[in-house]
DNA sequence: CCATCTTTGTGCACGCGTTCACAAAGACAT
DNA sequence: ATGTCTTTGTGAACGCGTGCACAAAGATGG
C-alpha cells in the first residue's frame, strides 16, 4: 500500500507538517501511526471534500474573446466541471460552435438553466449586460456566479458571487514592483518609502474577506 | 472642502472604522480631527501609494482568445497600465492589429522589452510555451510576471510571479455550493457533513500565502 | 511477547492582527 | 475666549491561527 507521511507532504507543499496533520484530522482522514497516510484513500477523501467527485454543469454567458477562452480552457473537466451550454445575446452567434459546443441565444437562458440543472453560472459579458444577466441567472435557479465583467453585482441573500478582475492581479504586481524600486531609492534618504509602506503591506484594510491578496491594502479609489 | 469620516468609509466598505484609521495613519494621510479626511487628498495619497499615478508599460505574450481578451480589457488604462506590445509566436499573426495594437513576432521579444522599458509581462500562451517565454522575459529584464497558463513557472530570486488559474475560482464556488447542499442534507442526520467541514473551512492548510482564498483548503490532488 | 522505532493526533503557548476604548485635537457655537 | 461636540490617532486587550513538543498508537524486528 503506497503511503505518504505528513512530513513528506509538508515539505512538498512548503507548509508546516503539524498544520497539515491537524487539517487532515478535521477531514476525518485517519492515517496510520508509524506509517503515514494511504495515498489512494487520502486523494479520494480530499477530492470528495472539495467536490471534485461531483459533476458540476456550468453555463458561460457572453461568448466574446474571454468567453471563448473560458470555453476552450482545458482545466475545467479535470476539476469536475462540465460546460453545459454557451449563451450569447448576439443572434449571429447562435448555432456557431465554440470549443465544440454550439452557442445558444440568451432568449433561452431560463430553459437552458432548468433543463441542465445548472447551479453555477459564469458571466463574461460586457459590463453593461452583467447585472441583467445575473438577475436572470439567479431567477432561473443559479446560486453561484463567477463574474468576469468589471461591475459589482448585487444578488439576493444565499447567492455566492466571486469577481475576477483581471487588472487587480496586475495591480498587485505593480504594487510590489513599486516597492522593489522604492526600497532602492529609500536606501539613500532616511525614512524612505519602504518604512511607510511596510506596515500597510502587513495590515491593509480588507474590503472583502474574499479579496485575492492579503498582502495589499484593499481600499483603493475608483 | 469635501470630507469623509472613517466611520462613513468603514460602513461603505464593510470594515471596522478603527482598522481603517490605523491603516490610513500608516500612509501618513493625516485627517482632521472633528472633521474627517479630505477626499481629494486621500484619493491622491492612496493612488500614489498603490502606484496608480505611475505609468506601467506591459507586454502580453500569446495572443489567442485570452490574450486578445486581455488586450481589449478596458480596466487597464484607468489603473495606470499601458499595453506596450502584443507578442505571438505565430508568424501569421504578425502585423495584424488586436485592440488597435499590431501583433509582433516573438523573435523580437528581447528588443521590445528593452526598448519600451517593460518590467511587467503577461503570459497567455499554451502551457507548453509558458516556461520558455518566461525565461526569455526574465532574461530581457522583466521582474514581474502574470501567468495565465496552467503551469507553475520557476523563476530566479527577485522575480515576482502571480498565477491566475481560472478554474480555481470555479472550484471555490463549487466548494461553497457543496457546503450549501451538504448543510441541508446534514440537518437530518446527527453529525453531518457541515460539522466535519466547518473547521477545515476556517483553518485550511495554505500551500502559498498568495493563494486566492483563505476560506478553502489549498491542498488538493492533481 | 516484548522492545524499539516511526508517525500520527493534539494540548498548549506564542505571536500577530483586529477591535475596543479613550485621550488629544481641532471645529464651531456662544 | 471658552466650552462643547465631533472625529482622529493609538495604547492595550482580546481572539485566533500557527507551530512546538509530546503522548498515544501501531508497525517491525528480535
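Residue numbers (the working numbering), protein chains in the order written: chain S, 48 to 269; chain E, 48 to 269. We treat Cβ as the ideally placed atom computed from N, Cα and C, and that holds for glycine.
Beta-carbon separation (whole angstroms), residue i vs residue j, contact threshold 8 Å
{"i": "residue 110 of chain S", "j": "residue 145 of chain S", "result": "6 Å"}
{"i": "residue 200 of chain S", "j": "residue 178 of chain S", "result": "6 Å"}
8 Å Cβ cut-off: residues of chain S touching residue i
{"i": "residue 109 of chain E", "result": "In chain order: nothing, as chain S lies at least about 11 Å away."}
{"i": "residue 184 of chain E", "result": "In chain order: nothing, as chain S lies at least about 13 Å away."}
{"i": "residue 127 of chain E", "result": "221"}
Contact with chain E by residue i, beta-carbon distance below 9 Å
{"i": "residue 170 of chain S", "result": "no"}
{"i": "residue 203 of chain S", "result": "no"}
{"i": "residue 144 of chain S", "result": "no"}
{"i": "residue 97 of chain S", "result": "yes"}
{"i": "residue 178 of chain S", "result": "no"}
{"i": "residue 151 of chain S", "result": "no"}
{"i": "residue 212 of chain S", "result": "yes"}
{"i": "residue 112 of chain S", "result": "yes"}
Cβ pair residue i, residue j closer than 9 Å
{"i": "residue 192 of chain S", "j": "residue 213 of chain E", "result": "no"}
{"i": "residue 136 of chain E", "j": "residue 174 of chain E", "result": "no"}
{"i": "residue 131 of chain S", "j": "residue 108 of chain S", "result": "no"}
{"i": "residue 160 of chain E", "j": "residue 103 of chain E", "result": "no"}
{"i": "residue 123 of chain S", "j": "residue 217 of chain E", "result": "yes"}
{"i": "residue 96 of chain E", "j": "residue 74 of chain E", "result": "yes"}
{"i": "residue 134 of chain S", "j": "residue 153 of chain S", "result": "yes"}
{"i": "residue 99 of chain S", "j": "residue 127 of chain S", "result": "yes"}
{"i": "residue 150 of chain E", "j": "residue 143 of chain E", "result": "yes"}
{"i": "residue 91 of chain E", "j": "residue 53 of chain E", "result": "no"}
{"i": "residue 89 of chain S", "j": "residue 195 of chain S", "result": "no"}
{"i": "residue 172 of chain S", "j": "residue 185 of chain S", "result": "no"}
{"i": "residue 71 of chain E", "j": "residue 78 of chain E", "result": "yes"}
{"i": "residue 205 of chain E", "j": "residue 227 of chain S", "result": "yes"}
C-beta neighbour in chain S for residue i, strict 9 Å
{"i": "residue 84 of chain E", "result": "no"}
{"i": "residue 52 of chain E", "result": "no"}
{"i": "residue 225 of chain E", "result": "yes"}
{"i": "residue 117 of chain E", "result": "yes"}
{"i": "residue 216 of chain E", "result": "yes"}
{"i": "residue 79 of chain E", "result": "no"}
{"i": "residue 105 of chain E", "result": "yes"}
{"i": "residue 193 of chain E", "result": "yes"}
{"i": "residue 55 of chain E", "result": "no"}
Residues bridged to residue i [DSSP beta-bridge criterion]
{"i": "residue 130 of chain E", "result": "E/105"}
{"i": "residue 210 of chain S", "result": "S/194"}
{"i": "residue 79 of chain S", "result": "S/83"}
{"i": "residue 149 of chain E", "result": "E/144"}
{"i": "residue 50 of chain E", "result": "E/85"}
{"i": "residue 169 of chain S", "result": "S/107, S/193"}
{"i": "residue 135 of chain S", "result": "S/152"}
Cross-chain neighbours of residue i in chain S, by beta carbon under 7 Å
{"i": "residue 219 of chain E", "result": "209"}
Contacts of residue i in chain S (Cβ-Cβ under 9 Å)
{"i": "residue 197 of chain E", "result": "120, 121, 122"}
{"i": "residue 158 of chain E", "result": "Within chain S, no residue comes near residue 158 of chain E; the closest Cβ sits about 21 Å away, beyond 9 Å."}
{"i": "residue 167 of chain E", "result": "217, 220, 221, 224"}
{"i": "residue 100 of chain E", "result": "In chain order: nothing, as chain S lies at least about 10 Å away."}
Any non-hydrogen atom of the ligand GTP closer than 8 Å to residue i Cβ
{"i": "residue 184 of chain E", "result": "With respect to the ligand GTP, the structure shown offers nothing to examine, as it has no ligands at all."}
Within chain E, partners of residue i - CB distance below 9 Å
{"i": "residue 200 of chain S", "result": "Those do not exist, as residue 200 of chain S stays about 13 Å from chain E at its closest Cβ, beyond 9 Å."}
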